[in-house]
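Single-structure report; data block below.
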Amino acid sequence: MKVTALAGGVGGAKLLIGLDQLEADTTAIINTADDAEMYGVHVCPDIDICTYWLAGLADTERGWGLQDDSFEVIDALGKLGVEDWFRLGDRDFATCLRRTDLLASGETLTGATELIRRALGVQMALIPMSDDPVRTRIGTTDGRTLDFQEYFVKHRCEPGVAEVRFAGIADAKPAPGVIESIRSADLVVICPSNPVVSIGPILALPEIRETLIEHPRVAGVSPIIAGAALKGPAAEMLGAQGEEVSAAGVAKLYSDLLDVFVVDLADRDHTHAIEELGIDVRVTDTVMTDAAASLRLASSLL
Ligand code: GDP
Ligand code: CA
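Residue numbers are given in the numbering used here: position 271 of the sequence shown equals residue 278, and the series is strictly consecutive.
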């Protein structure tokens, strides 16, 4: 069984560790629109979250970075007068330095991602959505334009969101292997990641949406449970785009490409509204509290 999963950060990583425990050949296509250049290195938050979770190295409690990492470098930079709100740990820094070095020597982001995941012992194939730069920018209700990490980390998602843009998307192509891995998959899974800023950029790349529409078996898992995100700004962003903040609202965003949508037990009342969109619905416990819960959800998807 060949599975291709579209993923962002933590919501994606949690389902990927479930898929990784199954007898399936899984490829993950990962969002890169929240990548950033920080302190001279190329940071790929979603690729690194997925890599660290799959390698068993992630700080799963905090949701970002590596377990037991230290923060000597970032603290030293702070003392040099550098803005230190992006708390890149020391070993996390090493990942980003390695990536930056590979990119500087002419490697693609796809190649760098492959080398790093192998070095960290990850079995699953991980492909960045694109080798071309795409950057999420947040237009705030008070008229500012923020880079995604400024909005997300520096301002802790506090500014009101008026607009979400993906700079560079018009010139970006899917990375090599992305379209192929969707076409050849027996099952495509849209992970419960932020529909606007994690899955949104992947779907906005040329050819991806069409390829998913043609695919006969696309299953999504709702990241919205009982009208709220478990963590992060997904609910607020859906609202800002004028979408309904519910499992049905997410289903509507994906309605042209989904064959099945998996919603949480708390959202069984939305079944009918989602079926009206021509999508089959499965209701189950979708809260992945640990690896066993991730495995249960991944098994039920297969
Ligand atoms: P980020 O890049 O780390 O912010 O993470 P993602 O975009 O991958 O995921 C954020 C979304 O994941 C939020 O909307 C959460 O509600 C959702 N999420 C996180 N954990 C779970 C879970 O265990 N189950 C479900 N269904 N959604 C989850
Ligand atoms: Ca992210």
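Idealized CB from N, CA, C, for every residue including glycine.
Computed from a predicted model, the values in this text were never measured in an experiment.
Taking 8 Å as the cut-off, the Cβ atoms of valine 196 and valine 10 count as close. At a cut-off of 7 Å, the beta-carbon of methionine 295 counts as near ligand 1: some heavy atom of the ligand is closer than that. Leucine 237 has its CB nearer than 7 Å to a heavy atom of ligand 1. Counting only residues whose CB is nearer than 6 Å to a non-hydrogen atom of ligand 2, the list in chain order is Gly15, Gly16, Asp41, Pro52, Asp53, Ser205. Cysteine 51 sits buried, since 16 or more C-beta atoms from the chains shown fall within 10 Å of its C-beta.
Residue side-chain check: lysine 21 places its Cβ nearer than 7 Å to a non-hydrogen atom of ligand 1.
Taken atom to atom, the span from the alpha-carbon of alanine 258 to that of aspartate 287 is near 10 Å.
Taken from the Cβ of alanine 241, at least one heavy atom of ligand 1 lies inside 7 Å. Here DSSP, grouped into helix, strand and coil, assigns leucine 23 to helix.
Cβ atoms of isoleucine 24 and tryptophan 60 come within 8 Å of each other, at about 5 Å. Between arginine 98 and aspartate 76, the C-beta gap is smaller than 8 Å, which places the two residues in contact.
Not one heavy atom of ligand 1 is found less than 7 Å from the C-beta of isoleucine 186.
The Cβ atoms of aspartate 149 and methionine 8 do not sit closer than 8 Å to each other.
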